[in-house]
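Enquirer: One structure, as structure tokens, below. Some questions next.
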Amino acid sequence: MEQRKDKSGKLYGVGVGPGDPELLTVKAVRLIRECQVIVIPASGKETNVAYEIAKGAVPEIEGKELLELFMPMTRDENQLGESHEKASLRIITELEKGKDLAFLTLGDPSIYSTYIYVHNRILAKGYEAEIIPGIPSFCAAAARLNEGLTEASEALHIIPASYEGLEEALDLKGTRILMKSGKSIGNIKSILGTRSTPLSVKMVERCGMQGERIFHKLEEIDENAGYFSILVVKDQ
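Sequential numbering from -19 applies to the sequence shown in the working numbering.
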């Protein structure tokens, strides 16, 4: 659909990176400063991780107008669709006022981000929206492990580990990044431990955030690790 030619504002999906405020891009910092409205999930700025990361790079964000959107943590497609539509309509109300909005999201907006569902709806309704890339969590995890993810012709696979199909995905050749582990780390650890071929398994929890932990071996991984955990799996 053609973009609007009137005085409507623009929505920016701003990736703030994995945790370290110094990893925000120059463009992300500029847009956070320039946008009149900051958009975050309704957990509030006191508990919103992306907001706290952005504040570390742009302290003046605290003086900006804040739009909090209800984004339920569920896999129910109907409930998700309803919440994304309501969020889009609230954003459009602000766009119609001529305001630019920065929707803050962890890592990169194009990788397992709630933002992209809103982004698509805003575009479909004829308004402007732009993705501002951020450093993905798995790239930051590799840096903290001080090693590369791939070499030469090796493949890189990004796998939502708490969903079905993990065992089949582990058969893929190359480096496997296990994301969205949630409360499934114990089960994931068990599956990895029963593989017939030896694997190198490392994990970074809360990369770049307070409480960061690095695990260099499968047997060291804490099964009670938090949601923000990235596993890097390679063949030995």
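From the three backbone atoms N, C-alpha and C, an ideal C-beta is built for every residue, glycine too.
Hey, residue 161 and residue 141 are a contact pair by Cβ (cut 8 Å); roughly how many whole angstroms apart?
Expert: Residue numbering aside, residue 161 sits at position 181 when the sequence shown is read from its first letter. Residue numbering aside, residue 141 sits at position 161 when the sequence shown is read from its first letter. Right, their Cβ atoms sit about 5 Å apart.
Enquirer: Any idea if residue 93 is buried or exposed, counting beta-carbon neighbours within 10 angstroms, 16 or more meaning buried?
Expert: Here residue 93 refers to the residue found at position 113 when the sequence shown is read from its first residue. A buried status is given to residue 93, since no fewer than 16 other beta-carbon atoms sit within 10 Å of its beta-carbon.
Enquirer: Considering only residues of the same chain and omitting the five flanking positions on each side of residue 275, which have a CB-CB separation below 6 Å?
Expert: Residue 275 is absent from the structure shown; the chain starts at -19 and stops at 216.
Enquirer: Is residue 87 near residue 8, with beta carbons less than 8 Å apart?
Expert: Counting from one through the sequence shown, the residue named residue 87 turns up at place 107. Counting from one through the sequence shown, the residue named residue 8 turns up at place 28. Going by C-beta atoms, residue 87 is not nearer than 8 Å to residue 8.
Enquirer: Could you compute how far the alpha carbon of residue -2 sits from the alpha carbon of residue 178?
Expert: In the sequence shown, the residue the question calls residue -2 occupies position 18. In the sequence shown, the residue the question calls residue 178 occupies position 198. Taking the straight line from one Cα to the other gives about 29 Å.
Enquirer: Between residue 17 and residue 33, what straight-line distance do the alpha-carbon atoms span, to the nearest angstrom?
Expert: Here residue 17 corresponds to residue number 37 of the sequence shown, with the count starting at 1. Here residue 33 corresponds to residue number 53 of the sequence shown, with the count starting at 1. One C-alpha to the other measures close to 17 Å.
Enquirer: So that I know if they touch, is there some Cβ in chain C lying closer than 8 Å to that of residue 64?
Expert: Among the chains of the structure shown, chain C does not appear; only one protein chain is present.
Enquirer: Would you call residue 0 buried or exposed, if buried means 16 or more other Cβ atoms sit within 10 Å of its Cβ?
Expert: To locate residue 0, count along the sequence shown from 1; it is residue 20. Under this definition residue 0 is a buried residue.
Enquirer: Starting from residue 98, follow the beta strand (DSSP E) in both directions and report where the run begins and ends.
Expert: Along the sequence shown, read from residue 1 onward, the residue named residue 98 stands at position 118. Element bounds for residue 98: not the beta strand (DSSP E) but the alpha helix (DSSP H), 95 to 104.
Enquirer: Is any heavy atom in the ligand SAH found nearer than 7 Å to the beta carbon of residue 197?
Expert: In terms of ligand content, the structure shown is empty, and the ligand SAH therefore cannot be addressed.
Enquirer: What separation, rounded to the nearest whole angstrom, lies between the Cα atoms of residue 48 and residue 21?
Expert: Walking along the sequence shown from the start, residue 48 turns up at place 68. Walking along the sequence shown from the start, residue 21 turns up at place 41. Residue 48 and residue 21 have their C-alpha atoms some 5 Å from each other.
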